[in-house]
Amino acid sequence: MSDLSGRFDGWLSFQDHLAAGMAMAAAEPTDLYFCDFDFVHWPLGATSTLDALHRWVMAGSGAHCHLLAVSFDEMPRHHSRWLAWRQHWTHRVKCWLIPEDAAQGMLPTFVLKDKLAIRIMDLRSGTGIWSRDPATIRAWLSEIDVISQRSHEAMPATTLGL
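Counting with the working numbering, you get residues 1 to 162 for the letters of the sequence shown.
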């Protein structure tokens with residue numbers, strides 16, 4: 001690996017890298033992309049993540065956050081604080097449901113547009129790679145774009161009822 005990329009070993013290391021990426025997003029706001037099957041291993045409800053997201057959104061850059069998942073069923077149980085935060089920022093944070101056939105070969109990925117990309121390569125151990133290489137970031141964003149074109153908006157921030 002070079003100065004522009006590296007490896008990490010395990011879910012805790014992934015969470016540390018994601019926290020660093022979120023701090024970068026808060027300091028230099030741009031579009032965010034989160035892609036996973038269900039986000040169970042992500043620290044979306046962690047105080048540091050929510051603080052970084054709040055700073056990101058308050059920067060007023062007009063950047064958007066996109067979450068793509070095969071299922072959002074586990075979000076209320078694992079990330080209730082994130083869901084509460086999202087209710088205020090639903091115009092900037094969109095959730096997209098990926099059809100299962102479009103998720104074939106998909107790897108959990110975080111992209112901070114033009115700045116950083118993080119990808120889980122082994123789902124069992126949580127090992128993966130990170131990159132600041134512009135070509136890698138563009139390639140991973142292109143993969144996410146292909147998946148998002150087959151996805152539809154999901155998980156409304158509020159539910160209406162009688």
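All C-beta atoms, glycine included, are put in the ideal place defined by N, C-alpha and C.
Computed from a prediction, not measured in an experiment: that's the story for all the values here.
What residue from the options has the CA that sits closest to residue i's CA?
i	options	result
A23	L83, W82, H54	H54
H169	A63, L12, S71	Because the chain here runs from 1 to 162, residue 169 falls outside it and cannot be looked at.
P43	S13, T90, Q87, I129	S13
L123	P134, W140, G10, L4	G10
G6	S131, I144, D114	S131
R4	A154, A20, P29, P134	This sequence places Leu at residue 4; Arg is not what is there. If we check each option's Cα against that of L4, P134 comes out closest.
E165	G45, A26, E143	This structure cannot settle anything about residue 165, because the visible part of the chain is limited to 1 through 162.
A102	F8, H66, D145, A26	D145
R92	R81, F8, W56, Q15	W56
E28	H41, D16, A52, H17	A52
H17	I129, A139, H66	I129
W82	L97, Q104, M58, T47	T47
With DSSP as the reference, please indicate the residues paired to residue i in a beta bridge.
i	result
I120	G128
T136	Beta-bridge pairing links T136 to no other residue.
G21	Answer is none; G21 lacks a bridge partner.
R150	Paired residue(s): none; R150 is not in a bridge.
G6	W130
Report the CB separation of residue i from residue j in whole angstroms; it is logged as a contact under 8 angstroms.
i	j	result
L112	I120	That belief does not hold up - the Cβ atoms of L112 and I120 are roughly 16 angstroms apart, past 8 angstroms.
I118	L68	About 15 angstroms separates the two Cβ atoms, so there is no contact after all.
T49	A157	Not really, about 18 angstroms apart at Cβ, beyond 8 angstroms.
P99	R150	6 angstroms
A25	C95	The pair is not a contact, with the Cβ atoms about 18 angstroms apart (cut-off 8 angstroms).
T127	F8	7 angstroms
T30	A63	5 angstroms
L141	G21	With a Cβ gap of about 14 angstroms, L141 and G21 do not count as contacting.
Subject >> Inter-stretch contact (C-beta, 8 angstroms, three-pair minimum) for the segment 95 to 109 and the segment 28 to 45 >> reply: yes
Subject >> Complete beta strand (DSSP E) runs within the segment 31 to 116 (minimum length 3 residues, chain order) >> reply: 32 to 36, 65 to 69, 93 to 97, 109 to 112
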